[in-house]
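Student: Following the working numbering, the numbering of the sequence shown begins with 22 at its first residue and continues without gaps.
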Amino acid sequence: MDMKLSPLNRRRFERFKANRRGWWSLWLFLILFGLSLGAELIANDKPLAVRYDGHWYFPVLERYPETTFGGEFPLEANYKSPYIKELLAAKDGWTLWAPIPFSYQSINYDLKVPAPAPPSRENLLGT
Numbered sequence: 022m023d024m025k026l027s028p029l030n031r032r033r034f035e036r037f038k039a040n041r042r043g044w045w046s047l048w049l050f051l052i053l054f055g056l057s058l059g060a061e062l063i064a065n066d067k068p069l070a071v072r073y074d075g076h077w078y079f080p081v082l083e084r085y086p087e088t089t090f091g092g093e094f095p096l097e098a099n100y101k102s103p104y105i106k107e108l109l110a111a112k113d114g115w116t117l118w119a120p121i122p123f124s125y126q127s128i129n130y131d132l133k134v135p136a137p138a139p140p141s142r143e144n145l146l147g148t
């Protein structure tokens, strides 16, 4: 299907492209929109991937109960819990975290300075 613009729409598009601020703003908006689609991969309180007992798990895409990793309760695993970390380490498991390991609603209880804190290695955007 060959899509051609009418002469009127072609002129409108060329006029828009001639407006440098508008043209670059469109591209900036499209880039930020694209990044927002992958926001779960940038900031998330669940690991992107878990390797446990020779199997791959993807908590970002699916919820896994604690029993999957040898735990006692059929509740969703809290991957930051020392208990779950021990269960994973017992079978040479590991986790791959997003660059910002917090979601919009999670709280970092291990701050080194009082909140609001400036950006740091642990909190890339600050608190």
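Where is the CB? At the ideal position from N, CA and C, for every residue including glycine.
Source: prediction; values computed, not measured.
#1: Assign Glu35 to buried or exposed, taking buried as 16 or more other Cβ atoms, counted over all protein chains shown, within 10 Å of its Cβ.
#2: Classify Leu117 as helix, strand or coil using the three-state DSSP reduction.
#3: List the residues that DSSP assigns as beta-bridge partners of Glu97.
#4: Which word fits Lys38, buried or exposed, when buried means at least 16 other C-beta atoms lie within 10 angstroms of its C-beta?
#5: Roughly how many angstroms separate the alpha carbons of Trp188 and Val71, rounded to a whole number?
#6: Taking Tyr104 as the reference, which of Gly91, Asp113, Tyr130 has the closest Cα?
#7: Do the CB positions of Leu4 and Pro140 come within less than 8 Å of each other?
#8: Can you tell me the Cα-Cα spacing of Trp5 and Thr148, whole angstroms?
#9: How many Å lie between Ile121 and Leu56 at the Cα?
#10: Taking the straight line between their C-alpha atoms, what separation do you get for Leu58 and Leu49?
#11: Alpha carbon to alpha carbon, what distance is there between Ser46 and Glu149?
#12: Rank Asn30, Tyr73, Pro28 by C-alpha distance to the C-alpha of Leu108 and give the top, closest one.
#13: Does Asp66 pass the burial test, meaning 16 or more other C-beta atoms within 10 Å, or should it be called exposed?
Tutor: In this structure, then:
#1: Position 14 of the sequence shown, counting from 1, holds the residue named residue 35. Classification of Glu35: exposed, given that the 10 Å Cβ count is below 16.
#2: As a working note, residue 117 is residue 96 in the sequence shown. In this structure, DSSP gives Leu117 an extended state, which the three-state scheme calls strand.
#3: To locate residue 97, count along the sequence shown from 1; it is residue 76. Answer is Pro86, bridged to Glu97.
#4: Within the sequence shown, residue 38 is the residue found at index 17, counting from 1. Flag for Lys38 reads exposed.
#5: Nothing about residue 188 can be reported from this structure: the residues present for the chain run from 22 to 148 only.
#6: Looking up residue 104 in the sequence shown gives position 83. Nearest of Gly91, Asp113, Tyr130 to Tyr104, Cα basis: Gly91.
#7: Any question about residue 4 goes unanswered here, given that the chain covers just 22 to 148.
#8: As displayed, the chain neither begins before 22 nor continues past 148, which places residue 5 out of reach and without an answer.
#9: Within the sequence shown, the letter at position 100 stands for residue 121. Within the sequence shown, the letter at position 35 stands for residue 56. Going by the C-alpha atoms only, they are around 14 Å apart.
#10: On the sequence shown, position 37 is the one that residue 58 refers to. On the sequence shown, position 28 is the one that residue 49 refers to. Distance between the alpha carbons of Leu58 and Leu49 is about 14 Å.
#11: Examination of residue 149 is not possible in this model, given that the chain is present from 22 through 148 alone.
#12: As a first step, residue 108 must be located in the sequence shown, where it is residue number 87. Residue Tyr73 is the option with its Cα nearest to Leu108.
#13: For this step, residue 66 is matched to residue 45 along the sequence shown. Buried, by the Cβ-count rule.
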